[in-house]
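Asker:
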Amino acid sequence: MRWRKGETEVRHRHRLRALLVILGALLIGAAGWTGTAAASLTGPLIPLPDIRIPLPGSDPVVEFPDPILKQWAIKELGVEGDVIRQSDIARYCEAFSRKWERILTIYSSAPGKIRSLEGIQAFKPCNVDYLVASRWEIRDVTPITELTTLRGLDLQGNLLEDIRPLGSLTELRTLILSGNRIASLDGLEGLTHLERAELQNNRIVNIDVVRKLDFAQ
Numbered sequence: 327m328r329w330r331k332g333e334t335e336v337r338h339r340h341r342l343r344a345l346l347v348i349l350g351a352l353l354i355g356a357a358g359w360t361g362t363a364a365a366s367l368t369g370p371l372i373p374l375p376d377i378r379i380p381l382p383g384s385d386p387v388v389e390f391p392d393p394i395l396k397q398w399a400i401k402e403l404g405v406e407g408d409v410i411r412q413s414d415i416a417r418y419c420e421a422f423s424r425k426w427e428r429i430l431t432i433y434s435s436a437p438g439k440i441r442s443l444e445g446i447q448a449f450k451p452c453n454v455d456y457l458v459a460s461r462w463e464i465r466d467v468t469p470i471t472e473l474t475t476l477r478g479l480d481l482q483g484n485l486l487e488d489i490r491p492l493g494s495l496t497e498l499r500t501l502i503l504s505g506n507r508i509a510s511l512d513g514l515e516g517l518t519h520l521e522r523a524e525l526q527n528n529r530i531v532n533i534d535v536v537r538k539l540d541f542a543q
């Protein structure tokens, strides 16, 4: 009986030793897999900081080629520095779209004249009702056509000649284009909601489009 008892104890010790070896191997393997030292398993847990790395292109830069327009945008958006990102405009539009009168006025006291409105289309999420960009040196109205919610547009005192792209702004009620170089009103036939148009001091010779539209000049 003593022999059997001793043999049983030896077997138990061997099993315990084998279990300890297996457990040690598992712990070392786990430590190596997580990239931490084995000794750290018994130490206090250190919380990792929540670091968020933005994906490339997730917040693109919005370009304003015209330097005067860019200065206006930086001031209007309240941007620090000289880089305007899509998130800056999104934050601005979130507040702007809640206004009772969503009027966007492009004004700058900086010397020089705005010659291009390229970049203004980035304000589309603002749901602008009325855009004022008067008394500059704008020639191309194409960027404005992205602002499809416009009901009023003031571009008086610019250098406009071709206004055909404005025909896509079918929600327009007010259109002020006086003091430009416009010779033709072609392309505006689809502005059936137009109630007011100011076209004086231009080079218009054919007013057939005006006759087709039911509004007072």
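Just so we're aligned: 331 in the working numbering is position 5 of the sequence shown, and the numbers increase by one with no gaps anywhere.
Note that beta-carbon positions come from the ideal geometry of N, C-alpha and C, so glycine has one too.
Leaving out five residues on either side along the sequence, give the residues of the same chain with a beta carbon under 7 Å from the beta carbon of Leu485.
Answerer: The answer, listed in chain order, is Glu463, Ile464, Arg465, Asn506, Arg507.
Asker: Among residues of its own chain, excluding the 5 on either side of Ile429, which ones have a beta-carbon nearer than 6 Å to its beta-carbon?
Answerer: Excluding sequence neighbours, Ile429 sits near Tyr456.
Asker: In the DSSP assignment, what are the bridge partners of Asp613?
Answerer: Since the displayed the chain opens at 327 and closes at 543, residue 613 lies outside it and no answer follows.
Asker: Grouping DSSP H, G and I as helix and E and B as strand, with all else coil, what is Thr475?
Answerer: DSSP places Thr475 in coil when its eight states are reduced to three.
Asker: Using a 10 Å radius around the Cβ and a threshold of 16 neighbouring Cβ atoms, would you call Asp512 buried or exposed?
Answerer: By the 10 Å Cβ count, Asp512 comes out exposed.
Asker: May I ask you to report which of helix, strand or coil DSSP gives Ala436?
Answerer: Residue state, collapsed to three classes: coil.
Asker: Bridge partners for Arg411 per DSSP, in chain order?
Answerer: DSSP output for Arg411 lists Val387 as bridge partner(s).
Asker: For Val387, is the classification buried or exposed, using 16 other Cβ atoms within 10 angstroms of its Cβ as the cut-off for buried?
Answerer: Result: exposed.
Asker: I need the boundaries of the alpha helix (DSSP H) containing Glu402, first residue and last residue.
Answerer: That run of the alpha helix (DSSP H) goes 393-403.
Asker: Using a Cβ-Cβ cutoff of less than 7 Å, which residues in the same chain neighbour Gly516 once the five nearest sequence positions on both sides are dropped?
Answerer: Gly493, Thr496.
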